[in-house]
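Each remark here refers to the structure printed beneath this line.
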Amino acid sequence: MPENNTPTIGALRTVNLNSIDVITKALQRLKELRRGAAASPMLQDHIDAEISTLELELNISTIVQTRLQAAGVVVKPLSDEDAQRLQRLADKIDETIERDAVVNAGLATVRTFIETARTVRDLVQNSTAPG
């Protein structure tokens, strides 16, 4: 992160794209868990709710990515706290991708991915403005 806490548009694209990758893998994993949860209607309902949440996060993050690709987006400086949070989350997403942790994730772990992706999306959205 640059000293003035203004991330580059490329850095925001990368962290958001990596977040989309984790969301997509988590969504695939939830769908696998759903197929294996045939014995428990309550568990199926819970997984269905998580799938809906992830699909929404994927749609929003994809919109954010499209906006980041558009010409004329201005990147605003982040507060020190937000810059540090974004860096920690980017590191967490990178680690998740490296370990391919989503493949064997359970429901609780997928919820963590959802929260991470949501926070990344919020930080990226809040650091950009139309040009």
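In this text, residue positions in the sequence shown follow this note's numbering: the first is 198, and each later residue adds one.
Just so it is clear, CB atoms sit at the ideal spot from N, CA and C, and this is done for glycine as well.
Since the structure is predicted, the reported quantities are computational estimates derived from the model, not experimental observations.
Report the three-state DSSP secondary structure of residue i (helix, strand or coil).
| i | result |
| --- | --- |
| Ala326 | strand |
| Ser216 | helix |
| Gly303 | coil |
| Leu209 | helix |
| Thr203 | coil |
| Leu275 | coil |
Take residue i as the anchor and find which of the options has the nearest alpha-carbon.
| i | options | result |
| --- | --- | --- |
| Glu247 | Asp279, Ser258, Arg231 and Val261 | Arg231 |
| Glu252 | Leu227, Val271, Thr306 and Leu240 | Leu227 |
| Leu240 | Gly303, Asp291, Arg315 and Asp279 | Gly303 |
| Glu229 | Val272, Gln262, Asp245 and Thr205 | Asp245 |
| Ile220 | Asp277, Thr250, Gly207 and Pro204 | Thr250 |
| Leu214 | Ala280, Gln266 and Asn202 | Gln266 |
| Thr263 | Asp277, Ile206 and Asn202 | Ile206 |
| Asp218 | Leu255, Arg282 and Gln284 | Leu255 |
| Lys222 | Val317, Thr293 and Ser324 | Thr293 |
I'd like to know whether the C-beta of residue i is nearer than 8 Å to at least one C-beta of chain B.
| i | result |
| --- | --- |
| Leu283 | Although the question refers to chain B, the structure presented lacks it and comprises just one protein chain. |
For this session: Within the segment 233 to 273, note down every full beta strand (DSSP E) run reaching 3 residues or more, in order along the chain.
Result: DSSP runs (the beta strand (DSSP E)) wholly in the segment 233 to 273: 270 to 272.
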